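Chemist:
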Amino acid sequence: MKYDLENIFAKILRKEIPCDKIFEDENVLCFKDINPQAKLHILIIPKKPFIDIVDFLENAEVEYQSSFWNSVNKIIKKLDLNDKGFQLKSHKGTDGGQEVFHFHLHILSKS
Ligand code: AMP
260 MKYDLENIFA KILRKEIPCD KIFEDENVLC FKDINPQAKL HILIIPKKPF
310 IDIVDFLENA EVEYQSSFWN SVNKIIKKLD LNDKGFQLKS HKGTDGGQEV
360 FHFHLHILSK S
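So, in structure tokens, the structure goes:
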């Protein structure tokens, strides 16, 4: 499978469509899920194009993977999620329920 430049998260990254932004740095963009499944439901996407978590793990440079997780930790801290707790999910492929083929993390929390 080839990365589709017209997927919705690629369009959000190019600012062709809006998002409800929570956080942004040089590595990631974080925004609210448009169809929340919990009181807090946000998405974290790398700014570089990877189809899914396996593509990211296999093909992203180690330095970029490290920077990505560092940015995820910044978001966890910013939203004060460490004490409260949260779910972290990433859907992979059609059998995993993936709908948008730009790698992303879901973070969900009850409050
Ligand atoms: P999945 O690929 O299964 O992880 O699901 C993609 C997620 O992206 C779903 O939870 C959608 O509600 C969410 N989503 C789709 N389009 C948008 C959008 N324009 N802004 C925010 N979230 C979106």
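Take our numbering: the final residue in the sequence shown is number 370, and no numbers are missing along the way.
For each residue, glycine too, the CB sits at the ideal point set by N, CA and C.
On a predicted model such as this, the values are computed, not experimentally measured, just so you know.
Return the CA-CA distance between S349 and V313, expressed in angstroms with no decimal places.
Modeler: Reading the sequence shown from its first residue, position 90 is the one you call residue 349. Reading the sequence shown from its first residue, position 54 is the one you call residue 313. Whole-angstrom Cα-Cα distance: 10 Å.
Chemist: Mapping DSSP to helix, strand and coil, what is L347?
Modeler: Along the sequence shown, one-based indexing puts residue 347 at 88. Note: L347 maps to strand in three-state DSSP.
Chemist: Rounded to the nearest angstrom, how far is the Cβ of L264 from that of L367, given a contact under 8 Å?
Modeler: Here residue 264 is taken as the residue at index 5 of the sequence shown, counted from 1. Here residue 367 is taken as the residue at index 108 of the sequence shown, counted from 1. Not really, about 28 Å apart at Cβ, beyond 8 Å.
Chemist: Helix, strand or coil for I271? Go by DSSP, reduced to three states.
Modeler: Looking up residue 271 in the sequence shown gives position 12. Helix, per DSSP.
Chemist: Excluding sequence positions up to five away, which residues of its chain have a Cβ less than 8 Å from the Cβ of K306?
Modeler: Numbered from 1 along the sequence shown, position 47 holds the residue referred to as residue 306. If we look at K306 and ignore the five residues flanking it on each side, its Cβ neighbours are L272, E285, N286, V287 and L288.
Chemist: In its own chain, which residues sit with a C-beta less than 8 Å from the C-beta of P308, not counting the 5 before and 5 after it?
Modeler: If you number the sequence shown from 1, residue 308 lands on position 49. Correct list, in chain order: Y262, L264, A269 and H361.
Chemist: Got a sec: does the ligand AMP put a non-hydrogen atom nearer than 7 Å to the Cβ of I312?
Modeler: Along the sequence shown, one-based indexing puts residue 312 at 53. Incorrect: I312 has no Cβ contact closer than 7 Å to the ligand AMP.
Chemist: What are the residues that DSSP puts in a beta bridge with L288?
Modeler: The count along the sequence shown starts at 1 and reaches residue 288 at position 29. Beta-bridge pairing links L288 to E283 and I304.
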